[in-house]
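Same order as they appear, the protein sequences are chains A and B. So this note's numbering is basically just the index in the first sequence, starting at one, shifted up by 16. So this note's numbering is basically just the index in the second sequence, starting at one, shifted up by 1130.
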Amino acid sequence: MTDTGALLDVQGLRKWYELRAGIIPRVTGHVKAVDDVSFQLQAREVLGIAGESGSGKSTIGRCVLRLIEPTAGEIRFHGKDISRYGRNDLKAFRRHAQIVFQDPFASLDPKMTIEEIVGEPLQVQGMVSTRRARRDRVAGLLQTVSLGLEYLDRSPHELSGGQRQRVGIARALSVGPELLVADEPVSALDVSIQAQIVNLLEDLKDRFGLAMLFISHDIAVMAHLADRIAVVYLGQVMEIAPKRSLLRGTRHPYTEALLSAVPEPGVRHRQRIVLEGDVPNSIDPPSGCVFRTRCRYARAECGGQRPQLRMVAPDHYTACIRDDISLAFVGGGKDAPASNEESSRVQGQVLGHPGIGRVV
Amino acid sequence: MSGLAPSLPPQALLEVDNLEVSFVAGSRIVQAVNGVSFSIASGETLAIVGESGSGKSTTGLAMMGLIQRSATTAISGEVRLRRKADGECDVLKLSGRELRKVRGNDVAMIFQEPMSSLNPVYSIGAQIGEAIRLHQHVGRAEAQAKALVLLKDLGVPNPEKCLTSYPHQLSGGMRQRVMIAIALSCEPSLLIADEPTTALDVTVQAQILDLLATIQRKTGMAIIFITHNLGVVSLIADRTLVMYAGQVVEQVPTGELFERPRMPYTAALLRSLPRLDNERLAGERLAAIPGSVPNAGHPPDGCRFHPRCDYSVEGICNGERPGLTACGTDHLVRCFRWREIEPGAAA
C-alpha cells in the first residue's frame, strides 16, 4: 500500500455484527453497521461525519480508534496500519489519537476528582512520574480549556454540562494527540453553551494543530467547524466534499433532503423535501444504492450495482449514478435563489415522481 | 364543578394567569416557574422556548394538572380552560376525578421520549384502544377500528400490522406517531407537545412537524409547543414565549422574534446559533453567551439575565426585578433598557 501522506487513511472499513439464531447458534445474517467506508484526513484538517441515528457515524469514529474492532479494512495512521496493532503498539497509538464523547454526564467517573479524571491518561501513558507533576500538568490543561484551578479537587456532579465537557476535552488533550475524534461533543449541551464549546474546539484546533473527525447529526454545527463533510447513510458514504461545495452544490439526493430538513431560525416558508418512511433495516439493505427506496430521483438502474464514489467537482465525490438531475439548493441563507423560480423547479421534479418525495 | 368559572376572554381557549411553581430542594426553595401568564386561542400554535432549567416543561406539566401540591411543592395562579362541554374551569382547582376527564378529552400531552411513555408489554392497538375507551362509550372492536383510522390518518405505513406490534418493534418516528394517535384519539381542543421531536432525526422531525400542522388545519386544535430549538419555532409557531430562569422574558409574534428581538437574551441566543448560511460559512467564531444558566435555587438579583448580558448597567439591571412591559403590538419584554437598546441589530 502506498503512503498517501495523509494523517489518517481509511480504506474499505467494515463493521458487521453477526446475528445468531437457533439452539446451537448459527450466524443467520449481519447487521452492516459500517460497510466499505473509505476516506482520508490530512493533518490539521477537520472532517465532519454527518448522518442520522443508525447511519454508522459513531461506529466509524470508534473503529478508527479501535475502541470497536473493525471487521475488515485498513486504518493507516501516518502510513502505518493500526488495525493490526497489538496491545503495546495500540497503547502508544493512543498518545496520538483521542476521543471526546457526547454525554459529559455519562463519560466522567463520578467517584474521581477532576484532577484524577484529566490526569489518568498521563499516568497510564507514563507521562508523569509524581503526583506533583500530575497536578501541575492538569492545572495547565484546565487553564487551556478555561476552567479555574478551583475545580482540580471537585467531583463531576459539582459541574455544569458545559464545564464537564471542558473536562472531557482537557482529558483528551492531556497526552498531546494529533487526532481528536469528537463524537457529538455539543449535542447534550444547552443552546447557549454549545457555542462556547464549538469556539473552544476551534481555538484548540488552531493552537495544537489538531486534526479532527467531527461526528454529528447537527449539520449547522458541523458546517461551522469542518473543512470537509462526509454524509453517511446506512453505513455507507453517500457524498464527501469540501463543506462549501457540499452545502452550496450537493450532488446527492440524500444530502439534499437532509439539508432541507434542518429548520433554520427565522426561515418560516421554504421548500422542504420530506422523506417518506423510515431508514431501511441494515440487516437487509436495499440492493444497489441503499438510498434508492426513499429517493425521489430513483430509477430502475439504481437497484443494480452499488454506486461507487465518483468525482464530480474538485475533491467532491458522490455515490449517485445520476448525472442528469439538478438538485435544489434548499438550505436557508441569503444567497439562495429567488424562491418563486426555485419552488416551481422543485415542484416540477416532484410531479414526475408522485408519492415518493414531497416538497412542502 | 369545583373549578369556578372565571372570566375567560371570549377568543381564548386557555389562559394561564400568574402561574407559580416552587419546590423545596434540600434547604432551598427552587422557584421553577415564576409568575407566568399567557393565553392561547383555538387553532393557534404557541411556542415556549427555553434552555434546561428555564421552567418551560414545568409550565407544561402544571397546565395538565400533572404537578401535585405537597409538603415540598407549591403551586399558585390560575389555569383557566374552556372545556368542550361543561363551560370553563380552573385546572389547578379540579379534583383528581375531574382532571381525568379533562386530560385526554380537552387537553392532551405528548413528550420527548415516546419509548418511556408507551408500555412495553402491551400492543400498540391495546394502548390506543385504552385511551379511546376511557373517554368514549365504545366497545373493544369499535375502539380498534377507530385506532386503525387514526394510524391511517397519521400516515403510518401498514397500520394493521402496527396495531399488533409492540413499542420496541417500531422506530422512534413511528412511536411518536403512536403517541400522537393516543393524544388525538379523543379530539382534544389543546395539545401540549413537550420537545416531541428532540429525540428524532431531522428528516423524521420534518415528518412529525408536518403532520401536526396538517392535523391542526383539519381540526382547529390549539398547540402549545415546548422546545429549545429556535429553528423549529420559526417553522410552526404563531407566537412565542421565551423563558429564562423560570420567567417569561419575552412574548412576541414569531416573525418579529427573528426580525426584531427586544430582549437581550433572545437576541444573544439567536446570534450564538450556527447557521446554514453565509455568515457561518465564513468560519468566524460563534457569538457565544458567556457564563451559564443560573441555578434556580438562587437566581441573580435584579434581572436574572444581567450577569451574562452585554447591555447590563450597574445600578439599574442588578437592582430591582424588571417586570414585563409592552414594547409593541402583542410584544412584551422583561428588560429595563428596552427603549434605549436594539439588541437584535448586531445580528
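No residue lacks a Cβ here, since even glycine has one placed at the ideal position from N, Cα and C.
Using the DSSP secondary-structure output, state which residues sit across from residue i in a beta bridge.
i        : result
F55(A)   : V26(A)
P1383(B) : R1369(B)
D199(A)  : I231(A)
H1461(B) : G1458(B)
V253(A)  : V248(A)
A88(A)   : R30(A)
S1402(B) : According to DSSP, which records beta bridges pairwise, S1402(B) is partnered with nothing at all.
N1164(B) : E1150(B)
R1158(B) : A1155(B)
T1327(B) : BP columns for T1327(B) are empty, so no partner.
P258(A)  : R244(A)
T1357(B) : V1179(B)
Taking the alpha-carbon of residue i as reference, which of the options has the nearest alpha-carbon?
i        : options                                   : result
R1233(B) : T1189(B), V1221(B) and P1244(B)           : V1221(B)
P1139(B) : L1149(B), V1160(B) and S1169(B)           : S1169(B)
G319(A)  : V290(A), Y33(A), C336(A) and F230(A)      : C336(A)
L1229(B) : I1197(B), L1399(B) and S1137(B)           : I1197(B)
R182(A)  : K107(A), Q210(A) and A49(A)               : Q210(A)
A66(A)   : I256(A), G304(A) and S276(A)              : I256(A)
G1183(B) : F230(A), I76(A) and V207(A)               : V207(A)
V161(A)  : L216(A), K127(A), A198(A) and A113(A)     : L216(A)
E200(A)  : P193(A), A329(A) and Q118(A)              : Q118(A)
M1351(B) : L1320(B), T1344(B) and V1363(B)           : L1320(B)
L195(A)  : S69(A), D219(A), R260(A) and L81(A)       : L81(A)
E218(A)  : P86(A), L205(A) and L241(A)               : L241(A)
R92(A)   : L158(A), R180(A) and Q27(A)               : Q27(A)
Q1141(B) : G1173(B), I1312(B), S1167(B) and V1166(B) : G1173(B)
E1325(B) : V1166(B), C1316(B), G1195(B) and I1338(B) : I1338(B)
A188(A)  : T334(A), P120(A), V283(A) and L205(A)     : P120(A)
A246(A)  : A22(A), G95(A) and F55(A)                 : F55(A)
P86(A)   : T75(A), G95(A) and K96(A)                 : T75(A)
Q141(A)  : R110(A), R170(A) and S171(A)              : R110(A)
S69(A)   : G89(A), T334(A), I231(A) and E292(A)      : I231(A)
E1272(B) : G1255(B), G1432(B) and D1283(B)           : G1255(B)
I believe residue i touches residue j by the beta-carbon criterion, under 8 Å. Please report the beta-carbon distance rounded to the nearest angstrom.
i        : j        : result
V237(A)  : I185(A)  : 15 Å between Cβ atoms; not a contact.
F307(A)  : M254(A)  : 7 Å
L1293(B) : A1277(B) : 6 Å
V1372(B) : T1396(B) : 5 Å
G1190(B) : I1446(B) : That belief does not hold up - the Cβ atoms of G1190(B) and I1446(B) are roughly 33 Å apart, past 8 Å.
L205(A)  : G225(A)  : Rounded, the Cβ-Cβ distance is 25 Å, inconsistent with contact.
V1166(B) : L1149(B) : 4 Å
For residue i, is the classification buried or exposed, using 16 other Cβ atoms within 10 angstroms of its Cβ as the cut-off for buried?
i        : result
D51(A)   : buried
M327(A)  : exposed
H1358(B) : buried
L275(A)  : buried
I39(A)   : exposed
Q252(A)  : buried
S1364(B) : buried
V62(A)   : buried
Q1335(B) : buried
I341(A)  : exposed
L1314(B) : buried
V1279(B) : exposed
Q1299(B) : exposed
V1251(B) : exposed
E272(A)  : buried
P1287(B) : exposed
V1154(B) : exposed
P353(A)  : In this prediction, P353(A) scores a pLDDT of 39, lower than 50, which makes its location untrustworthy; the coordinate-derived value is nonetheless stated afterwards. It counts as exposed.
R103(A)  : exposed
Within its chain, find whatever has a CB closer than 8 Å to the CB of residue i; leave out the 5 residues flanking it on each side and keep chain order.
i        : result
V144(A)  : G135, L138, R150 and R153
D1236(B) : L1211, R1213, K1214, P1318, S1319 and L1320
H46(A)   : W32, Y33, E34, L35 and I299
G1302(B) : P1244, M1245, A1329, L1330, D1331 and V1334
Suppose the cutoff is 7 Å on Cβ atoms and the five residues either side in sequence are ignored; what does the same chain contact list for residue i look like?
i        : result
D234(A)  : S203
H173(A)  : P126
A37(A)   : T44
L124(A)  : I133, P172, R180, V183 and G184
G1361(B) : none
Give the residues of chain E in contact with residue i, contact being defined as C-beta atoms less than 7 Å apart.
i       : result
V283(A) : Absent from the structure is chain E; the protein chains it does hold are A and B.
Enumerate in chain order the residues of its own chain whose CB-to-CB distance from residue i is below 6 Å, with the five nearest sequence positions on each side excluded.
i        : result
L1176(B) : I1170, I1354 and R1369
L24(A)   : L57 and F93
V191(A)  : R111, P137 and Q141
T266(A)  : E272 and L343
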